[in-house]
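Below is one structure, written out as structure tokens; the observations come after it.
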Amino acid sequence: MRPQSLAKVDYYWNVMKIDPTSYVSKSAAIGKNVEIGPYTIVHDNVEIGDNSKIGAFCEIGLQTTNAQSPKLFIGAESNIRSHSVFYAGSSFGHNLVTGHRVTVRENIEAGSDFQIGTLCDLQGSSKFGNYVKLHSSVHIGQKSTIEDFVWMFPYVVLTNDPHPPSNHLLGVTVSRFAVIATMTTVLPGLNIGEGALVGAHSLVTKNVNANTVVAGSPAKYGGTKDILLDDKSGQAAYPWRFHFHRGYPTSLIDEWVIESQQ
Amino acid sequence: MRPQSLAKVDYYWNVMKIDPTSYVSKSAAIGKNVEIGPYTIVHDNVEIGDNSKIGAFCEIGLQTTNAQSPKLFIGAESNIRSHSVFYAGSSFGHNLVTGHRVTVRENIEAGSDFQIGTLCDLQGSSKFGNYVKLHSSVHIGQKSTIEDFVWMFPYVVLTNDPHPPSNHLLGVTVSRFAVIATMTTVLPGLNIGEGALVGAHSLVTKNVNANTVVAGSPAKYGGTKDILLDDKSGQAAYPWRFHFHRGYPTSLIDEWVIESQQ
Amino acid sequence: MRPQSLAKVDYYWNVMKIDPTSYVSKSAAIGKNVEIGPYTIVHDNVEIGDNSKIGAFCEIGLQTTNAQSPKLFIGAESNIRSHSVFYAGSSFGHNLVTGHRVTVRENIEAGSDFQIGTLCDLQGSSKFGNYVKLHSSVHIGQKSTIEDFVWMFPYVVLTNDPHPPSNHLLGVTVSRFAVIATMTTVLPGLNIGEGALVGAHSLVTKNVNANTVVAGSPAKYGGTKDILLDDKSGQAAYPWRFHFHRGYPTSLIDEWVIESQQ
Chain A
7 MRPQSLAKVD YYWNVMKIDP TSYVSKSAAI GKNVEIGPYT IVHDNVEIGD NSKIGAFCEI
67 GLQTTNAQSP KLFIGAESNI RSHSVFYAGS SFGHNLVTGH RVTVRENIEA GSDFQIGTLC
127 DLQGSSKFGN YVKLHSSVHI GQKSTIEDFV WMFPYVVLTN DPHPPSNHLL GVTVSRFAVI
187 ATMTTVLPGL NIGEGALVGA HSLVTKNVNA NTVVAGSPAK YGGTKDILLD DKSGQAAYPW
247 RFHFHRGYPT SLIDEWVIES QQ
Chain W
7 MRPQSLAKVD YYWNVMKIDP TSYVSKSAAI GKNVEIGPYT IVHDNVEIGD NSKIGAFCEI
67 GLQTTNAQSP KLFIGAESNI RSHSVFYAGS SFGHNLVTGH RVTVRENIEA GSDFQIGTLC
127 DLQGSSKFGN YVKLHSSVHI GQKSTIEDFV WMFPYVVLTN DPHPPSNHLL GVTVSRFAVI
187 ATMTTVLPGL NIGEGALVGA HSLVTKNVNA NTVVAGSPAK YGGTKDILLD DKSGQAAYPW
247 RFHFHRGYPT SLIDEWVIES QQ
Chain D
7 MRPQSLAKVD YYWNVMKIDP TSYVSKSAAI GKNVEIGPYT IVHDNVEIGD NSKIGAFCEI
67 GLQTTNAQSP KLFIGAESNI RSHSVFYAGS SFGHNLVTGH RVTVRENIEA GSDFQIGTLC
127 DLQGSSKFGN YVKLHSSVHI GQKSTIEDFV WMFPYVVLTN DPHPPSNHLL GVTVSRFAVI
187 ATMTTVLPGL NIGEGALVGA HSLVTKNVNA NTVVAGSPAK YGGTKDILLD DKSGQAAYPW
247 RFHFHRGYPT SLIDEWVIES QQ
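Line by line, the protein sequences give chains A, W and D.
Each residue of the first sequence is one higher than the one before, counting from 7 in the working numbering.
Each residue of the second sequence is one higher than the one before, counting from 7 in the working numbering.
Each residue of the third sequence is one higher than the one before, counting from 7 in the working numbering.
The structure is reproduced here in structure tokens:
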């Protein structure tokens with residue numbers, strides 16, 4: 007035997023794409039063709055762009071206080087997976103894609119094509135460019151600035167407090183095309199240069215120059231990025247944009263291929 | 007179109023503050039003015055103090071066996087955020103505040119003003135003093151003892167098994183006012199002394215003396231705490247209680263200010 | 007006052023063990039005596055073996071595309087705890103036990119008695135033997151192979167990309183009876199030998215020989231496993247199977263005891 011509710015759900019889902027068990031505020035602006043999964047809660051003053059999907063068990067537009075909540079804007083074509091929590095007061099460009107159980111606090115400004123992996127914890131008050139990709143369980147402290155095309159891998163932490171606990175927060179800046187490998191901590195106020203690579207399980211204690219490799223705890227200079235060769239192709243593994251293109255649009259890939267041939 | 011359920015919820019929420027989609031055991035003792043969010047489950051033998059809030063999608067008072075569950079006590083003025091799981095058989099003083107998705111196992115005794123960050127994982131059978139503050143994703147092994155005013159930052163792990171897997175667990179003790187920075191592991195049975203500071207991304211392999219700084223993997227002696235100066239003020243950054251007061255009551259702050267002037 | 011729904015739940019729960027607030031696809035094959043908790047979603051083409059329990063707020067059999075979903079098979083006597091997400095297209099032997107909020111992607115083949123701790127993140131396309139035990143927050147990259155009786159502790163990461171981001175993934179192999187302690191990262195393509203022990207907070211950059219100990223960042227040779235003595239008994243702490251038997255069947259324990267006496 008099955009609960010009676012199933013038949014009802016099939017009906018609603020097909021017709022409206024908003025599950026009847028969800029709570030959607032009457033003041034939320036829900037775009038065309040948006041899917042909202044079972045049990046999900048959409049609070050006041052949320053705007054969700056056309057063709058987006060919100061999975062089950064999410065809480066979207068959570069307020070921090072009892073005051074009028076600031077707006078949460080989720081761009082079109084986005085996909086927020088189940089059990090995720092987004093606070094009010096942030097803005098995300100189109101094609102935001104998240105894993106499950108992400109936590110996203112207030113005052114975030116993010117560009118388009120932002121990927122936030124399962125269990126990521128964004129503490130808010132940060133800026134993200136376009137095509138930023140965070141793998142699972144990345145922790146971004148407040149006041150961080152992450153530029154276009156940055157990659158961060160599981161359990162990377164961007165810190166912000168030089169003498170915890172204190173009131174003087176200094177955010178980390180990660181420049182475009184930089185890659186931070188898994189289980190790495192970046193100390194407050196540092197800059198990871200454009201196209202730099204930080205190895206796994208590192209503690210970054212100094213600024214990292216553009217197009218260099220650092221690794222270790224504390225992280226030490228390991229050469230320039232073109233010394234790393236891909237085992238399979240025998241070619242330079244970096245800049246990664248010269249050979250890794252999955253998930254980027256044709257216009258960008260064309261540009262990167264031309265750049266690689268110069 | 008919106009599901010009909012929304013109007014119903016508004017009504018219940020305003021009148022009773024217990025969402026009609028929640029499951030609340032008839033044997034639970036719910037204080038005055040307590041809010042219980044959508045879909046949350048409150049099991050048998052739970053007591054929740056006055057003016058507390060429980061967010062959506064929580065499971066409060068989960069039993070480990072089919073036996074009569076031991077009591078779970080949540081003090082007054084507490085705030086448990088969404089998707090959190092608390093097992094039966096623990097006790098928390100007033101003003102417990104949690105982030106989202108915390109997991110709290112059985113046999114915990116905690117004082118007042120305990121702060122448990124998003125994604126923290128408390129394995130149970132531990133003691134916490136008053137005003138303990140855990141940032142996100144802190145993992146506390148069984149048999150830990152955490153004294154008053156301790157701070158731990160993201161991905162700190164307190165271990166307990168010297169030769170895993172074994173049956174001889176030795177808990178860590180963290181003494182009052184100590185601070186453990188992000189991504190640090192403390193080996194079993196060690197003591198972090200009063201007011202000590204452990205730097206980020208460290209592995210603590212020996213006891214840490216009171217009011218000293220250690221850092222590294224393995225962690226090494228880095229001086230006494232008063233060698234660390236705050237960049238902005240030029241004053242000693244520690245003891246932190248001499249200058250960091252956010253979230254503490256006036257009576258404590260007054261005491262700390264007087265102490266700092268002696 | 008309590009919501010009326012509670013009484014209804016008691017009734018359904020006792021009679022059918024499938025909570026009436028859950029969504030269970032008509033095409034799912036649910037075994038005898040299976041419990042399905044409140045609000046849980048069971049998608050199409052899922053098979054759950056007899057006497058299993060699925061906790062609240064789970065999503066079981068999630069599809070990655072709109073195509074016909076491949077089968078998800080959960081063996082008998084399993085226990086999946088609340089807020090967990092399993093994708094379609096994997097198979098688990100009997101007595102699978104999970105903590106809360108595990109994320110399990112597609113294309114996993116796992117043996118029996120698999121234990122997946124709270125907040126573990128299995129990226130899919132991996133193989134697990136029998137009696138594998140993952141503590142909390144273990145992250146398993148794609149293409150990993152984990153043999154029988156392996157233990158991994160919190161925040162262990164098995165990586166797979168030598169030059170991230172790239173398309174040439176090389177999975178890690180962890181051989182039988184090996185133990186990887188907390189907060190350790192294993193670089194791509196490496197093998198952790200049978201019965202080896204990797205210490206806490208290590209970065210493994212080379213293959214680890216059978217029955218040896220390594221530790222550090224980068225991990226260095228620390229001797230053979232029998233040099234580690236248990237503090238309490240004064241006996242060798244490893245192989246752990248000679249003295250640690252909790253959770254294993256009598257037939258295995260008998261075999262291990264005989265082996266230890268030879």
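All C-beta atoms, glycine included, are put in the ideal place defined by N, C-alpha and C.
Keep in mind the model is a prediction, meaning the values are calculated, not measured.
request  = Answer with buried or exposed for W:GLN267, where buried requires no fewer than 16 other C-beta atoms within 10 angstroms of its C-beta.
outcome  = exposed
query = Do you know how far the Cα of A:SER31 is from the Cα of W:SER11?
reply = With a pLDDT of 37 at W:SER11, under the threshold of 50, the modelled position of that residue is not reliable, and the figure given next carries that caveat. Straight-line Cα distance between these residues: approximately 11 Å.
query = Which whole runs of the beta strand (DSSP E) in the segment 52-119 of chain A are 3 residues long or more, in chain order?
reply = 52-54, 65-68, 78-80, 91-93 and 114-116
ask   = Start and end of the alpha helix (DSSP H) containing W:THR218?
value = Not the alpha helix (DSSP H): W:THR218 falls in the beta strand (DSSP E), residues 218-221.
inquiry  = For a test of the three-state rule: what should DSSP assign to A:ASP260, helix, strand or coil?
reply    = helix
Secondary structure of D:SER132, DSSP reduced to three states = strand
key: Residues near A:SER131 in its chain [Cβ-Cβ closer than 7 Å; skip 5 each side]   = ASN113, GLN148 and LYS149
task = Look at the alpha carbon of W:ILE198 and the alpha carbon of W:VAL220, and state the distance between them as a whole number of angstroms.
result = 10 Å
inquiry  = For a test of the three-state rule: what should DSSP assign to D:LYS212, helix, strand or coil?
reply    = coil
ask   = Along the chain, which unbroken stretches of the beta strand (DSSP E) at least 3 residues long are found entirely within the segment 187-211 of chain D?
value = none
message = Short of 9 Å Cβ to Cβ, which residues in the segment 126-147 of chain W face chain D?
response = ASP127, GLN129, SER143, HIS145 and GLY147
ask   = Is there at least one Cβ from chain W nearer than 8 Å to D:PRO255's Cβ?
value = no
message = With the cut-off set at 8 Å, would you say D:MET158 and D:LEU175 are in Cβ contact?
response = no
query = Cα separation between A:PRO170 and D:TYR254?
reply = 44 Å
query = From D:PHE183, D:ALA225, D:ILE233 and D:VAL204, pick the residue whose C-alpha is nearest to that of D:ARG247; which is it?
reply = D:PHE183
Interface residues of the segment 183-201 of chain A facing chain D [CB-CB below 8 Å] = VAL185, ALA187, THR188 and MET189
request  = Using a Cβ-Cβ cut-off of 8 Å, state whether D:LYS14 counts as contacting chain A.
outcome  = Bear in mind that the predicted position of D:LYS14 carries a pLDDT of just 41, short of 50, making it unreliable; the figure below should be weighed with that in mind. It does not; no Cβ of chain A falls within 8 Å.
key: Supposed close pair D:GLY67, D:ARG87 - CB separation, criterion 8 Å   = The Cβ separation is near 17 Å, so there is no contact.
query = Going straight from the alpha carbon of A:SER118 to that of A:THR151, what length do you get?
reply = 15 Å
ask   = Does A:SER96 get closer than 8 Å to chain W when you measure Cβ to Cβ?
value = no
task = Check the Cβ-Cβ distances between A:TYR161 and every residue of chain D, and say whether any is below 8 Å.
result = yes
task = Compare the beta carbon distance of W:ALA243 and W:ASP236 with 8 Å and say whether it is the shorter of the two.
result = yes
inquiry  = Can you tell me where the beta strand (DSSP E) holding W:TYR227 begins and where it ends?
reply    = 226-230
query = Shorter than 8 Å from the beta carbon of D:VAL220 to some beta carbon of chain A?
reply = no
task = Could you tell me the distance, in whole angstroms, from the CA atom of A:ASP167 to the CA atom of W:LEU125?
result = 20 Å
query = If A:ALA206 and A:VAL214 are in contact, beta carbons under 8 Å, what's the gap, nearest whole angstrom?
reply = With a Cβ gap of about 15 Å, A:ALA206 and A:VAL214 do not count as contacting.
task = Can you grab the Cα-Cα spacing for the pair W:GLN241 / W:GLY81, in whole Å?
result = 38 Å
message = Under 9 Å, CB to CB, which of the residues in the segment 228-249 of chain W have a partner in chain A?
response = LEU234, LEU235, ASP236, ASP237, LYS238, SER239, ALA243, TYR244, TRP246 and HIS249
task = Could you work out which residues of chain W lie near A:SER292, taking near to mean beta carbons separated by less than 8 Å?
result = Past the edges of chain A, shown from 7 to 268, lies residue 292 of chain A, and the structure says nothing about it.
task = Within its chain, find whatever has a CB closer than 8 Å to the CB of W:HIS106; leave out the 5 residues flanking it on each side and keep chain order.
result = GLY61, ARG87, SER88, HIS89, SER90, THR124 and LEU125
Cross-strand partners of W:ASP127 (DSSP beta bridge) = W:THR109 and W:HIS145
inquiry  = Could you compute how far the alpha carbon of A:ILE259 sits from the alpha carbon of A:ALA34?
reply    = 37 Å
Which listed residue (A:GLN121, A:VAL178 and A:ALA216) has its alpha carbon closest to that of A:VAL108 = A:GLN121
query = Going by DSSP, what residues sit across from D:TRP157 in a beta bridge?
reply = D:LYS139 and D:VAL185
task = Please classify A:GLU265: is it buried, with 16 or more other beta-carbons within 10 angstroms of its beta-carbon, or exposed?
result = exposed
key: CB contact below 8 Å: W:GLU53 versus chain D   = no
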